[in-house]
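In our numbering, the protein residues as written are 16 to 410. All C-beta atoms in this analysis are idealised placements derived from N, C-alpha and C, irrespective of residue type, glycine included. Predicted model, so just to flag it, every value in this text is computed and none were measured. Beneath this line is the structure, given in structure tokens, with notes to follow.
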């Protein structure tokens with residue numbers, strides 16, 4: 016992508032970007048609510064269930080690192096890969112075909128998320144923090160819908176049918192993107208203030224620092240979102256026993272906290288430095304993760320699920336806002352978001368292995384706790400250039 020050229024603000028349209036964010040939120044959180052169903056159907060252990068999460072986020076990593084300067088084309092390919100991958104997942108007869116299909120779907124989702132965030136971060140350079148917070152609010156809304164729809168629809172419809180419908184929604188977005196870009200000759204990016212965008216990239220040391228942060232954050236969020244339904248099913252004791260549907264709604268509470276927190280954080284960013292908000296969120300996330308490990312009732316798990324969602328909500332948008340403010344190239348932006356997929360693939364899988372060997376998901380929560388502490392330490396040790404300031408204006 017050449018510096019100084021302009022991205023047509025109608026391609027992709029904001030409505031398509033927001034629609035895609037809802038779908039990628041749904042897709043990213045897909046496995047958590049349905050993992051107990053798949054485990055029952057295929058007789059999976061926790062380690063094997065973690066393999067599905069590993070496959071999805073390995074795919075997301077590939078999708079992110081292969082982003083090119085041709086962002087419009089990449090968005091089209093992302094929607095298409097997500098659709099066809101999920102269609103294959105719906106038809107998979109067992110674990111290994113499902114892993115292959117979900118890896119393709121994950122690649123499409125990862126590419127779509129990366130491209131959408133890069134476009135938003137550059138299109139609204141004057142109010143980047145708020146723009147990314149709002150985009151991620153929409154993503155979180157889609158993520159929140161995943162367990163709600165799973166709890167409402169899986170008792171009434173075959174899982175295969177629901178996955179097929181979801182796949183076709185992605186394919187519809189691919190068609191919409193193809194129609195929007197038809198006849199457009201060039202690819203480019205510019206901010207809303209018509210300033211030229213730097214694409215020469217940021218220093219390697221700073222780039223690797225942000226990649227390290229995102230590896231840990233991807234693992235932190237996905238460990239909690241991927242395993243919370245199973246955790247609540249095992250440890251959430253109620254008077255009448257615990258059910259899968261009740262456990263899925265516990266996951267909804269996590270995502271409600273994440274979604275509501277991003278709506279509130281959009282306002283807080285006008286009053287607080289983005290790095291400060293990031294650090295407060297990380298500190299609280301570590302505390303609440305440790306508290307979750309001690310919970311033995313459905314009520315306590317529900318409370319900590321909401322608190323974890325609220326504490327995690329500002330971390331990614333604030334981090335990505337700081338990162339984009341450093342002037343990364345398109346490839347660096349893609350690699351940085353893709354780095355989160357490494358943690359999102361490895362840590363939930365490792366959490367499943369630890370749980371299987373220790374026979375305790377509570378013990379395995381040490382992994383997301385350590386990830387939160389690790390990011391906080393890295394953030395506190397970072398020295399930001401004096402010329403970099405937080406984006407404090409609204410979109």
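Rounded to the nearest whole angstrom, the C-alpha separation of residue 125 and residue 65 is 18 Å.
A contact is defined here as three or more CB-CB pairs under 8 Å, and the region 81-97 fails this definition with respect to the region 157-174. Here the alpha carbon of residue 357 sits roughly 24 Å from the alpha carbon of residue 102. Excluding its 5 nearest sequence neighbours in each direction, residue 44 has C-beta neighbours in its own chain below 6 Å: 158, 161 and 240, listed in chain order.
Taking 8 Å as the cut-off, the beta carbon of residue 327 is found closer than this to the beta carbon of residue 300.
DSSP places residue 338 in the uninterrupted alpha helix (DSSP H) bounded by 330-339. Within 10 angstroms of the beta-carbon of residue 332 lie 16 or more other beta-carbons, which makes it buried. Look at the beta carbons and you see the region 89-101 touching the region 177-192: at least three pairs across the two are nearer than 8 Å.
DSSP places residue 48 in the helix class (H, G or I) of the three-state scheme. Cβ neighbours of residue 365 within its own chain (closer than 8 Å, five residues either side excluded): 65 and 382.
Beyond the five residues adjoining it in sequence on each side, residue 217 comes within less than 7 Å, by CB distance, of 341, 342, 343 and 347 in the same chain, given in chain order. The C-alpha of residue 118 lies about 21 Å from the C-alpha of residue 132.
Taking 8 Å as the cut-off, the Cβ atoms of residue 311 and residue 264 do not count as close.
Pairing residue 79 with residue 224, the inter-Cα distance amounts to about 17 Å. In this structure, the beta-carbon distance from residue 335 to residue 174 does not fall below 8 Å. With 16 or more other Cβ atoms inside 10 Å of its own Cβ, residue 120 counts as buried.
Relative to the Cα of residue 219, the nearest Cα in the group 180, 269, 338 and 248 belongs to 338. In terms of Cβ geometry, residue 32 and residue 229 do not form a close pair [threshold 8 Å].
One alpha carbon belongs to residue 222, the other to residue 349, and they sit about 11 Å apart.
Boundaries of the alpha helix (DSSP H) around residue 102: 86-106.
Taken atom to atom, the span from the alpha-carbon of residue 169 to that of residue 51 is near 12 Å. Looking at the backbone, the Cα of residue 68 and that of residue 46 are separated by about 7 Å.
With respect to the C-alpha of residue 104, the residue from 392, 49 and 156 having the closest C-alpha is 49.
Cβ contact annotation for residue 110 (same chain, cutoff 8 Å, sequence separation greater than five): 57, 59, 63, 66 and 67, in chain order.
Leaving aside the five residues that flank residue 227 on each side, the residues in its chain whose CB is nearer than 8 Å to its CB run, in chain order, 354 and 393. If the five residues before and after residue 244 are omitted, its C-beta is found closer than 6 Å to the C-beta atoms of 47, 48, 262, 263 and 266, all from its own chain and listed in chain order.
Residue 40 is positioned such that its CB atom lies closer than 8 Å to that of residue 155. In terms of Cβ geometry, residue 269 and residue 320 form a close pair [threshold 8 Å]. Every candidate beta strand (DSSP E) stretch fails here, since none sits fully inside the region 133-173 while reaching 3 residues. Residue 373 has its alpha-carbon roughly 11 Å from the corresponding atom of residue 61.
Assignment of residue 349 by DSSP, reduced to helix, strand and coil, places it in the helix class.
Within the same chain, 383, 386 and 387 come within 6 Å of residue 235 by CB-CB distance, once the 5 residues on both sides are set aside. Rounded to whole angstroms, the separation of the alpha carbons of residue 302 and residue 180 is 39 Å. Going by C-alpha positions, residue 318 is about 10 Å away from residue 306.
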